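A.B. asks:
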Amino acid sequence: MPWVVDPVVRASSGGRLSGLGRRDYLDLAGPSVWLTPNAVEAAWLLGVGTLEVGGEAGRAAELLEALGFEGVVVKGGHLRGRAVVDVLAWQGRARAFRSTRLRRGPEQRGTGCRFASALATELGRGTTPERAVVKARGVVRRALRRPRLGRGS
Numbered sequence: 015m016p017w018v019v020d021p022v023v024r025a026s027s028g029g030r031l032s033g034l035g036r037r038d039y040l041d042l043a044g045p046s047v048w049l050t051p052n053a054v055e056a057a058w059l060l061g062v063g064t065l066e067v068g069g070e071a072g073r074a075a076e077l078l079e080a081l082g083f084e085g086v087v088v089k090g091g092h093l094r095g096r097a098v099v100d101v102l103a104w105q106g107r108a109r110a111f112r113s114t115r116l117r118r119g120p121e122q123r124g125t126g127c128r129f130a131s132a133l134a135t136e137l138g139r140g141t142t143p144e145r146a147v148v149k150a151r152g153v154v155r156r157a158l159r160r161p162r163l164g165r166g167s
């Protein structure tokens, strides 16, 4: 059964959420273990400054997969541009998933965690990784389009 590690190191507001270091996360690599860092977290895991564009995110995903993870999805919401580019590295190759960036209000947090949970659900159902990424991205996009009615909605 696959399991998904979402290395949430900092909150959207910038506060530190975890006392774990890079090595702690990287030591989790193994068969059936998926990693879903955003571009900032992927750069941190690799010990590099920043990732600026989708191509760098793709290379980061490949490098992280090569460390022994079953698969890696580098989420591109933190990258600049009109499009959001998420990159799946699986079985030694990378595939980019692009979509138009949606406006995100300040109250809409946790999109990365939502993505990781949806990906875990789909992989657990036996969905192919490519299709699981598409479905997980859809869950996030629907959440971003949904109006917020108030706290806890």
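The numbering of the sequence shown is the numbering used here, which starts it at 15 and goes up by one.
Using N, Cα and C, we set each Cβ at its ideal position, and we do this for glycine too.
Computed from a prediction, not measured in an experiment: that's the story for all the values here.
#1: How many whole angstroms separate the CB atoms of glutamate 136 and alanine 108, which I take to be in contact at a CB cut-off of 8 Å?
#2: Where in the segment 50-138 do unbroken runs of the alpha helix (DSSP H), each at least 4 residues long, occur, reported from the N-terminal end onward?
#3: Quick one: what's got a C-beta closer than 6 Å to proline 21's C-beta in the same chain, skipping five residues either side?
#4: Mapping the DSSP letters down to three states, classify valine 47 as helix, strand or coil.
#5: Identify whether valine 147 lies in helix, strand or coil by the three-state DSSP scheme.
#6: In terms of alpha-carbon separation, which member of Arg128, Arg73, Val86 and Ala157 lies closest to arginine 16?
#7: Please indicate yes or no: does the CB of arginine 159 lie closer than 7 Å to some heavy atom of the ligand ATP?
#8: For arginine 9, which of helix, strand or coil comes out of DSSP?
#9: Determine the extent of the beta strand (DSSP E) in which valine 18 is found, giving its start and end residues.
#10: If you count every other CB in all the chains shown that lies within 10 Å of the CB of arginine 139, and 16 or more means buried, which is it?
C.D. replies: Concretely, from the data shown:
#1: Along the sequence shown, one-based indexing puts residue 136 at 122. Along the sequence shown, one-based indexing puts residue 108 at 94. Wrong, their Cβ atoms sit about 19 Å apart, outside the cutoff.
#2: Counting only runs of 4 or more, we get 53-60, 68-80 and 125-138.
#3: In the sequence shown, the residue the question calls residue 21 occupies position 7. For proline 21, where only same-chain residues beyond five positions count, the Cβ hits under 6 Å are Tyr39, Pro51 and Glu55.
#4: In the sequence shown, the residue the question calls residue 47 occupies position 33. In this structure, valine 47 counts as strand in the three-state DSSP scheme.
#5: By 1-based counting over the sequence shown, the position of residue 147 is 133. In this structure, valine 147 counts as helix in the three-state DSSP scheme.
#6: Residue 16 sits at position 2 when you count from the first residue of the sequence shown. Looking at the sequence provided, one finds proline at residue 16 rather than arginine. Out of Arg128, Arg73, Val86 and Ala157, Val86 has the C-alpha closest to the C-alpha of proline 16.
#7: In the structure shown, the ligand ATP is absent, as is every other ligand, since no ligand is present at all.
#8: Within the shown structure, residues of the chain are numbered from 15 to 167, placing residue 9 beyond reach of any answer.
#9: In the sequence shown, the residue the question calls residue 18 occupies position 4. First-last of the beta strand (DSSP E) with valine 18: 17-19.
#10: Residue mapping note: residue 139 aligns to position 125 of the sequence shown, counting from 1. Residue environment analysis places arginine 139 among the exposed positions, since fewer than 16 neighbouring C-beta atoms fall within 10 angstroms of its C-beta.
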